[in-house]
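So the protein sequences, as listed, match chains B and C. Adding 674 to a residue's 1-based position in the first sequence gives its number in our numbering. Adding 17 to a residue's 1-based position in the second sequence gives its number in our numbering. C-beta atoms are modelled at their ideal positions from N, C-alpha and C, and glycine is treated no differently. Structure first, commentary second.
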Amino acid sequence: MTLNLSVSPDFPPAHLSGWFIFNTWLQRQLGTGVHLELYDGFEEQRKDIRNGKIDLIYANPYDASMLVRELGFKVLVRPRNRADETVIAVRQDDERNSVEDLESGITIATTADPDVHTMGMIMLESADLDKNNVTFREYDNYVLVAKALLNGQADVGFFLKAGYDELSDLVRSKTKSLVNSQISVVHHTLVVGPRMQEHVELLTERLLGMEEDPKGREVLKSMGLDGWDLMEEEQTEFMIDLIDTLID
Amino acid sequence: MSEHDTGSVREVLIKYFDSTERLAKIVDREVPYPDGKLIVSRTDPSGVITHANRAFIEMSGYAREELLGVNHYILRHPDMPAVAFKDLWDTVAQGKKWQGYVKNLRKDGAYYWVKATVIPNIRNGELVGYTSVRRKPSRSKIKESEALYETLR
């Protein structure tokens, strides 16, 4: 039986090849066929998840909530030192220097990434901004969000911090961050579905051992990761509870 | 910081629902909520704190060991009307999410405003506690809440 691996569409494009390398590594470890299915959009991926087409997924925290609580998936590990944080940025020459300087009627460049969009909107609440008094322009990735900002198509951009940090120095220098989230307990996770049950023990052991093994370390590096940390069930539940408090 | 702050210091006897009470120093000074942070805590079903994140420790002024094992009402500011907390407990007792604006009392007697969300933690169908996440409120919501709570005290 071939298993299906997928990755949340918000992964940095620079690590695309890393996920193919991980897929090959995974097949060798498990001794079974694994197919990597990538998606451009979150909705398309969620549809396939709900239809039982995905067995293993590197999921964003919002989707992890659905996978665990609704579909019986289990979180195995999380990437070390890779919390999902959000940056709200404006153009460098913008006179506004804090969130409270923003006023209703602004245009926000955002993505369909549920973590970043939700945290971005939460951080705008202190300026009395919500979906009813701002305009959104949705883009496929953070490079396009930055472009929209620099072209004047948007006043404000929402970025995954990792995506903001990976912008070119030139582009980043033309923007300034108004606020960075510092939550630290919300992160992506590697989540397995019911058809993966027989592989869970071996997979967990191999994932945790990756950083000790030269080949494993190379695979991690190609994905832009340092290593995996085990997620206990209660840690997962805690993260999901926290996310529940953030969704209206 | 609130334009109404006077920095005045007073002592108030705070009585809690479980008949305990404490004499608290109250300082009329607001500590601004830090940008980008969430204050996170968890309690057991009776409201005793079981988890406090770093932002909670920093904003409350208590050490982690002073928070763990005590009731969450240690943060209750005497300016908060009891009816607000009754609404909170009535809501979460029904398994629902509660959201509201809360003036919290720090260890040093100063205060900070939060927008709080509390949800029940259900594991295998059983209530095992509550998670409370606080975020930065807007000045206009603080003003509205101050006016409302004054009428409810």
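Listed by chain order, chain C residues near residue i by CB distance under 9 angstroms
i, result
"residue 854(B)", "52, 53"
Cβ-Cβ separation, residue j to residue i (assumed contact under 8 angstroms), whole Å
i, j, result
"residue 838(B)", "residue 757(B)", "Contact flag wrong, Cβ pair sits at about 14 angstroms."
"residue 824(B)", "residue 848(B)", "6 angstroms"
"residue 715(B)", "residue 822(B)", "Not confirmed; about 18 angstroms, so no contact."
"residue 783(B)", "residue 752(B)", "So it is not a contact: roughly 28 angstroms between Cβ atoms."
"residue 149(C)", "residue 133(C)", "6 angstroms"
"residue 738(B)", "residue 781(B)", "Not quite, the Cβ-Cβ distance comes to about 30 angstroms (not below 8 angstroms), so this is no contact."
"residue 870(B)", "residue 730(B)", "6 angstroms"
"residue 748(B)", "residue 866(B)", "6 angstroms"
"residue 860(B)", "residue 735(B)", "5 angstroms"
"residue 732(B)", "residue 862(B)", "6 angstroms"
"residue 816(B)", "residue 841(B)", "7 angstroms"
"residue 894(B)", "residue 885(B)", "6 angstroms"
DSSP three-state assignment for residue i, whether helix, strand or coil
i, result
"residue 116(C)", "strand"
"residue 774(B)", "helix"
"residue 38(C)", "strand"
"residue 107(C)", "helix"
"residue 889(B)", "helix"
"residue 713(B)", "coil"
"residue 170(C)", "coil"
"residue 55(C)", "coil"
"residue 142(C)", "coil"
"residue 914(B)", "helix"
"residue 985(B)", "No answer is possible for residue 985(B): the residues shown for chain B start at 675 and end at 922."
"residue 80(C)", "coil"
"residue 71(C)", "helix"
"residue 808(B)", "coil"
"residue 757(B)", "strand"
"residue 91(C)", "helix"
"residue 691(B)", "helix"
"residue 26(C)", "strand"
"residue 780(B)", "coil"
"residue 880(B)", "helix"
"residue 769(B)", "coil"
"residue 124(C)", "coil"
"residue 178(C)", "Here chain C comprises residues numbered 18 to 170, so residue 178(C) is not present and cannot be evaluated."
"residue 896(B)", "helix"
"residue 85(C)", "coil"
"residue 801(B)", "helix"
"residue 33(C)", "coil"
Cβ neighbour criterion (16 or more within 10 Å) applied to residue i
i, result
"residue 888(B)", "exposed"
"residue 66(C)", "buried"
"residue 728(B)", "buried"
"residue 709(B)", "exposed"
"residue 916(B)", "buried"
"residue 170(C)", "exposed"
"residue 754(B)", "exposed"
"residue 70(C)", "buried"
"residue 80(C)", "exposed"
"residue 49(C)", "exposed"
"residue 683(B)", "buried"
Chain-ordered chain C contacts of residue i [CB-CB under 7 angstroms]
i, result
"residue 801(B)", "155"
"residue 796(B)", "152"
"residue 857(B)", "55"
Contacts that residue i makes with chain B (C-beta to C-beta distance below 8 angstroms)
i, result
"residue 132(C)", "799"
"residue 17(C)", "Chain C is shown only over 18 to 170; residue 17(C) falls outside these bounds and no answer can be derived."
"residue 81(C)", "Per Cβ cutoff of 8 angstroms: no residues; residue 81(C) is ~15 angstroms from chain B at best."
Listed by chain order, chain B residues near residue i by CB distance under 9 angstroms
i, result
"residue 138(C)", "911, 912, 915"
"residue 168(C)", "Residues of chain B passing the Cβ test: none, with the nearest at roughly 22 angstroms."
"residue 148(C)", "912, 915, 916, 918, 919"
Chain B contact residues for residue i, given Cβ-Cβ distances below 7 angstroms
i, result
"residue 109(C)", "Correct list: empty, because the minimum Cβ distance to chain B is about 12 angstroms."
Within chain C, partners of residue i - CB distance below 8 angstroms
i, result
"residue 773(B)", "52"
Segments of 3+ residues assigned as beta strand (DSSP E) that fall wholly inside the stretch 828–869 of chain B: Taken in chain order, the complete beta strand (DSSP E) segments of 3 or more residues contained in the stretch 828–869 of chain B are 830–834, 849–854, 863–866.
Sequence ranges, alpha helix (DSSP H) only - wholly within the stretch 694–742 of chain B, length at least 4: Runs found: 716–724.
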